[in-house]
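2 protein chains.
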Amino acid sequence: MTKKRITLADIAKKTNLSSITISRAFSYPDKVNPETLEIVLKAAAELNYIPNRAARSLKSHQSKIIGIVNPNMSNPFFGQITREMVMKCQEQGYDVLMFDSYELAEFETKAIQNLIEFSVDGIILSTISSDVDYQPTYFDSLKNSDIPVVLLDREIEGDHAGVYIDNLDSAYQIGQYIAKRHAKTQRIDIIGASAISMVSNNRIAGFRAALYDYDIAVHHADFEMQLAYEKAKSLLDEDSYNRVFVGLNNQITLGIIKAIIENGLKPQIDVVVYSIDDVPYSDVFGINIPCMTHNLSEMAFQAVNMIIRLINGEQLNDSKVIIRGILNTPKSGLV
Amino acid sequence: MTKKRITLADIAKKTNLSSITISRAFSYPDKVNPETLEIVLKAAAELNYIPNRAARSLKSHQSKIIGIVNPNMSNPFFGQITREMVMKCQEQGYDVLMFDSYELAEFETKAIQNLIEFSVDGIILSTISSDVDYQPTYFDSLKNSDIPVVLLDREIEGDHAGVYIDNLDSAYQIGQYIAKRHAKTQRIDIIGASAISMVSNNRIAGFRAALYDYDIAVHHADFEMQLAYEKAKSLLDEDSYNRVFVGLNNQITLGIIKAIIENGLKPQIDVVVYSIDDVPYSDVFGINIPCMTHNLSEMAFQAVNMIIRLINGEQLNDSKVIIRGILNTPKSGLV
DNA sequence: CTGAAAGCGCTAACAT
DNA sequence: ATGTTAGCGCTTTCAG
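These protein sequence lines map, in sequence, to chains F and C.
Under the UniProt record's numbering, the letters of the first sequence match residues 1 to 335, in that order.
Under the UniProt record's numbering, the letters of the second sequence match residues 1 to 335, in that order.
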């Protein structure tokens, strides 16, 4: 029934060498005679050898694995950044275990637990929330297990290394752009995450700074589509005349667009929309949303770089990397 | 430096029990005295114990892990189906390791290799291609390692268990719908995957059967957006009058829509579009695409069910499950 | 450059 | 219901 998997010992037998030499051939190829190496590799290939990670990491307590956890792989922001991180980890000799927490605390906790069980060397984590009172219990276990963590995008309270967006500045930048395009009498509706979300609140602060003498209404939802959609919908039902909306992330903006279109209005003509983060598929559907875009490749690079340095026990002179956003306005001048 | 992780032995010491009892407390709680169990669990919690998977799977050669590999997690078809599968695996006591192959053979191979190294109990795989000549080399290793595989959605040559869409029927169903709405003189452009893709060709066959006396032009791209976009664009540049397009999966349809809109035309008014698979975000942007939709939850259920039965060594009386599609036409009658 | 011995943390198999 | 023994496959000493 259970076919026996090929082990180092099998290769050792076949080559009349000891298993440790075989082991070295894979782990430290330069510590073994080139001729021997060739013999080993050939035998391994013939036998179709595949190393056993369990055995390896059991002994060496170094798994060469980085864990990635984020709240929503289907959100292109996380999807793309994860893709870039995976590539970069590979280049650095690390494999990746990725978990989608599906915006659920329960899954996030489970994912972290899993990663600890797998003895990963480090974790890059985007939490489901950036609320100031969001204090996951798993940080204890992480500390106990001595596994370094780099937070990505979603900041939370406490002393954590991380790579973040310059939320305040991003909102300020696009706020200034908005200021140029709309009279001060213009009412502006901002839809963000919870009232205590650090990310959301920094963005709101940025907007307020740029639009200090505008009539700004802030509405709280979360960083998903549905609640934002409902909020926008009820606002439009009240009065759709001359409205300007700002979505504080791409999912929120999608919700706003959905509400606009459902109410028979034309985005950027009847109702103007701005966004933080690029809006997925808006190019496909031909709707230009001026937005703050962020260099996801750079963020991925920084996050991977940071976690690897932490894994190597390096001291970080700066445990926070802040990525500045770039204003991305449509060429075609729809707005 | 290296903090020692808590092990069973630590709990054993603390409770004056043997490690095997502690082990049983976690793996077979009913094989241990309830009072003892309580003591163990309490001690474990106090010590913040986290089991070591490497040790466990090294010994027991049963990892309780299912691997999932698919070509594009950002494609909602795979994103959602994966989500459902993860939930279902959890319910059955399996953890999931998921890999995105990013439509790259190299990554797919690497993912499978990884899963073998992790000694997963089974793999649910959607390959990057369903071309008849796509014969990944890793099936040998899989067979050697005795790891069962269930293919999902993308069929390939050979004797593989799998859960598939009834591609021929799906295309036939929507083909009939199209036949009702367009005169026989109507030219219909179908954009599919490669000329040797089994999935694509089955769908084309279905269309041909339903639209046997129509003027059908089949164009080959792949199951991603870009090529389909280019194809549609060049067709529209030639002549955009009274065209009807069919996209053979959601990504292709997105490419078609992009081309239409870029050419200043209105989807479903100037140019009519049909799709296999729901088109992501089309509801958000208010464009109704009549399509064949598939019960992803059911597919996920079948795939997980099948892999678990294979893991348990059960004989499958039918190693192929075919899911029938449902015609999904807009209520608002845009078409 | 290669090998022998020991042990990582856990769990089958066999006691008691 | 609990304990003893042994060993999974690999790699870290320490020797040669």
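C-beta atoms are modelled at their ideal positions from N, C-alpha and C, and glycine is treated no differently.
Values in this document were obtained by computation on a predicted structure and should not be read as measured data.
- From the beta-carbon of C:Val284, the residues of chain F found nearer than 7 Å are Leu254, Ile257, Lys258.
- According to the DSSP assignment, C:Lys320 belongs to the beta strand (DSSP E) that extends over 320 to 323.
- Taking C-beta separations shorter than 8 Å and ignoring five residues to either side along the sequence, the partners of F:Ala12 in its chain run Ser18, Ser19, Thr21, Ile22, following chain order.
- Around F:Ala9, the same chain offers Ser19 as residues with beta carbons nearer than 7 Å, after the five sequence neighbours per side are excluded.
- For the region 144 to 197 of chain C, the full-length beta strand (DSSP E) segments reaching 3 residues or more read 149 to 152, 161 to 165, 187 to 192 along the chain.
- Rounded to the nearest angstrom, the Cβ distance from F:Lys233 to F:His219 is 12 Å, too far for a contact under 8 Å.
- Ranked by Cα distance from F:Ser130, the first of F:Gly162, F:Lys14, F:Ser145, F:Glu84 is F:Gly162.
- Ranking F:Phe245, F:Ile39, F:Asn250, F:Ile260 by CA distance to the CA of F:Asp237 puts F:Ile260 first.
- Contact annotation for C:Ser57 against chain F: Ala54 [CB-CB distance below 8 Å, chain order].
- F:Ser145 and C:Lys42 have their C-alpha atoms spaced approximately 19 Å apart.
- Here the C-alpha atom of C:Gly206 lies approximately 10 Å from the C-alpha atom of C:Asp166.
- DSSP lists C:Val271 as the bridge partner or partners of C:Pro267.
- Close CB contacts of C:Ser200 within its chain, under the 6 Å cut and outside five residues either way in sequence, are with Gly192, Ala193, Leu248 (chain order).
- Around the beta-carbon of C:Pro267, 16 or more other beta-carbon atoms lie within 10 Å, marking it buried.
- Under the 7 Å criterion on CB atoms, C:Pro290 is classed as non-interfacial with respect to chain F.
- Close CB contacts of C:Asn75 within its chain, under the 8 Å cut and outside five residues either way in sequence, are with Asn250, Gln251, Pro280 (chain order).
- For the region 115 to 149 of chain F, the set of residues with a beta-carbon nearer than 7 Å to any beta-carbon of chain C comprises Ile116, Glu117, Phe118, Ser119, Asp140, Ser141, Asn144, Ser145, Asp146, in chain order.
- Within the same chain, and ignoring the five residues on either side of C:Val32 in sequence, the residues whose Cβ sits closer than 7 Å to its Cβ are Thr21, Arg24, Ala25.
- A Cβ of chain F is located within less than 7 Å of the beta carbon of C:Ile261.
- With fewer than 16 other CB atoms across the displayed protein chains lying within 10 angstroms of its CB, F:Pro34 is exposed.
- For C:Phe245, the uninterrupted beta strand (DSSP E) segment begins and ends at 244 to 247.
- Contact check for C:Ser126 and C:Ser57: beta-carbon distance about 25 Å, past the 8 Å limit, so the pair fails to qualify.
- Along the region 148 to 165 of chain C, there is no position whose C-beta sits under 7 Å from a C-beta of chain F.
- Checking the DSSP bridge columns, you'll see F:Leu327 partnered with F:Met292.
- Going by DSSP, C:Asp95 is part of no alpha helix (DSSP H) but of the beta strand (DSSP E) stretching over 95 to 100.
- Between F:Ala217 and F:Gln176, the CB-CB gap reaches or exceeds 7 Å.
- Counted as a single uninterrupted DSSP element, the beta strand (DSSP E) harbouring C:Ala217 occupies residues 215 to 220.
- Where C:Leu58 is concerned, there is no enclosing beta strand (DSSP E), although the alpha helix (DSSP H) around it starts and stops at 53 to 60.
- Following the DSSP letters along the chain, one finds F:Ile128 in no alpha helix (DSSP H), marked with neither H nor E.
- Counting along the chain, no alpha helix (DSSP H) covers F:Val279, and no H or E run does either.
- Distances from the CA of F:Leu327 to each of F:Thr293, F:Ser319, F:Ala300, F:Ile308 were compared; the closest alpha carbon is that of F:Thr293.
- Per DSSP, the continuous alpha helix (DSSP H) segment holding C:Ile256 begins and ends at 250 to 262.
- The beta carbon of C:Asp239 sits no closer than 7 Å to any beta carbon of chain F.
- In chain order, Asp215 place their CB closer than 8 Å to the CB of C:Thr185, counting only its own chain and leaving out the 5 sequence neighbours on each side.
- Close partners of C:Gly67 in chain F (Cβ separation under 7 Å) are lacking, with about 11 Å as the shortest Cβ gap.
- Boundaries of the beta strand (DSSP E) around C:Gly67: 65 to 70.
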